[in-house]
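> To convert, take the position in the sequence shown, counting from 1, and add 285; that gives this note's numbering. Just so it is clear, CB atoms sit at the ideal spot from N, CA and C, and this is done for glycine as well. Nothing here was measured: the structure is a model prediction, and the numbers come from that model.
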Amino acid sequence: MKDYQTYNAVRLGSIFFFLVLFFFQIDLLVHRGIAIISGFALPAILLVLVYNFFLIYNNRLAGKRKAANWFNITLLLLFPGAFIFIGLVEQEEVPLLIGLGIGLLIQLVIIPVSNLAFEKYFGMVGQIKNLSHKVEVGSANLSFLKSQINPHFLFNALNTLYGTALMEKAERTADGIQKLGDMMRFMIHENQQDKIPLKREIEYVNNYLDLQMLRFENEENLSVDFKLPSTECEGHIAPMLLIPFVENAFKHGISTKNKSWIKINLRCMKGTVHLDLVNSIHPKKITDDPKDESGIGLDNVRKRLEHYYPGKYSLSTISNESEYFVHFSLQLD
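Spelled out as structure tokens, the structure:
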């Protein structure tokens, strides 16, 4: 969107520049007054539009009415003052009424019309952004629905495996199946909501960590340390915001040959949740897909954060030769 706006600005500026050159070139072919008026009026109107947008319109939009009014008064007095100055320099009669007329024309015509154009433009930009987001959400929901197949069948199969594991006294396997079932219910039901209790999000992360610990329980080179105190965390959060950081840590921070470590620390203070994560990193294999990097997941998280929590979050990542660091803070609603 920003690239598109920049392209439009450059295009309009180029058109204006060549129009001014054109009017100066026809100076010898037409009446000299037309060229002078065109060469002066067009730049003046453009400067007024730029002045209005950045110093008056934007200040009013930001609630700074006092600053906007001062800039507006300055613009109103600019042209009469300019004509007075020209008259003093040229030692001629000052055409003050012309300057006042131009100032009133700007106040009564140019500024209202340009403000209306700005509102229409930004309204269209907002509609485009909303439609783009709806298309992305719709595509994601469609992909998710296609991947569900038959959730009730899967839940019944998991319940059967859970019962079989208990009958065979495989308690750890039964516990893992139960946690997997809870995670699937979370994905199918709560993941479709805009906001969920933060405790439920942390519970999902805990279930994921428990399953990973069951998977890597015999890995002597792996050290995992995590602190997720859900009892201290209140409020609501958009679902699946925390888990991508943890998934990336296990996906890219574990080696079956080299020493690996993952450290996760989550804490909640005064309506803000903080997540600090450190994981080891290892040399990539030649067969690894270059597109399969941790940054892809983080890009998706950033897009969701910009949509749900603009200006209310902090996300920073740092890496060196052996470790990857993530710090994430979010101010909850």
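1) Using a Cβ-Cβ cutoff of less than 8 Å, which residues in the same chain neighbour residue 529 once the five nearest sequence positions on both sides are dropped?
2) Based on Cα-Cα distance, which residue from 367, 405, 615 lies nearest to residue 523?
3) Looking at the unbroken beta strand (DSSP E) that takes in residue 608, where does it start and where does it end?
4) From which residue to which residue does the alpha helix (DSSP H) around residue 537 run?
5) Across which residues does DSSP place residue 600 in a beta bridge pair?
6) For the beta strand (DSSP E) containing residue 469, list its first residue and its last residue.
7) Which residue from 448, 474, 452 puts its Cα closest to that of residue 463?
8) Please identify the residue among 550, 548, 540 whose C-alpha is closest to the C-alpha of residue 568.
9) If I measure Cβ to Cβ from residue 611 and keep anything under 6 Å in the same chain, skipping five residues before and after, which residues do I get?
10) Return the Cβ separation of residue 608 and residue 565 in integer angstroms, given the expectation that the two are a contact with Cβ distance under 8 Å.
11) Any beta carbon of chain D sitting closer than 8 Å to that of residue 588?
12) Does residue 516 come out as helix, strand or coil in the three-state DSSP assignment?
13) By DSSP, does residue 544 sit in helix, in strand, or in coil?
14) Look up residue 395 in the DSSP assignment and say whether it is helix, strand or coil.
15) Based on the DSSP secondary-structure assignment, which residues constitute the bridge partners of residue 560?
16) So, do the stretch 493 to 508 and the stretch 476 to 484 have three or more beta carbon pairs nearer to each other than 8 Å?
17) Hey, how far is the Cα of residue 344 from the Cα of residue 477?
18) Can you give me the C-alpha to C-alpha distance between residue 364 and residue 357, rounded to a whole angstrom?
19) In the DSSP assignment, find the unbroken alpha helix (DSSP H) run with residue 344 in it and report its ends.
20) Below 8 Å CB to CB, which residues in the same chain sit around residue 487 once its five sequence neighbours on both sides are set aside?
21) I need the DSSP call for residue 495, collapsed to helix, strand or coil.
22) Report the rounded CA-to-CA distance for residue 559 versus residue 508, giving the unit in angstroms.
23) Tell me which same chain residues have a C-beta within less than 7 Å of the C-beta of residue 399, skipping the five on either side of it?
24) Are the beta-carbon atoms belonging to residue 496 and residue 465 less than 8 Å from one another?
The structure says:
1) 582, 583, 585, 586
2) 615
3) 608 to 616
4) 528 to 537
5) 613
6) No beta strand (DSSP E) contains residue 469, which is instead part of the alpha helix (DSSP H) from 456 to 473.
7) 448
8) 540
9) 530, 562, 602
10) 6 Å
11) Absent from the structure: chain D. Only one protein chain is present.
12) helix
13) coil
14) helix
15) 551, 613
16) no
17) 38 Å
18) 12 Å
19) 343 to 346
20) 513, 515, 518, 527, 551
21) helix
22) 22 Å
23) 334, 337
24) yes
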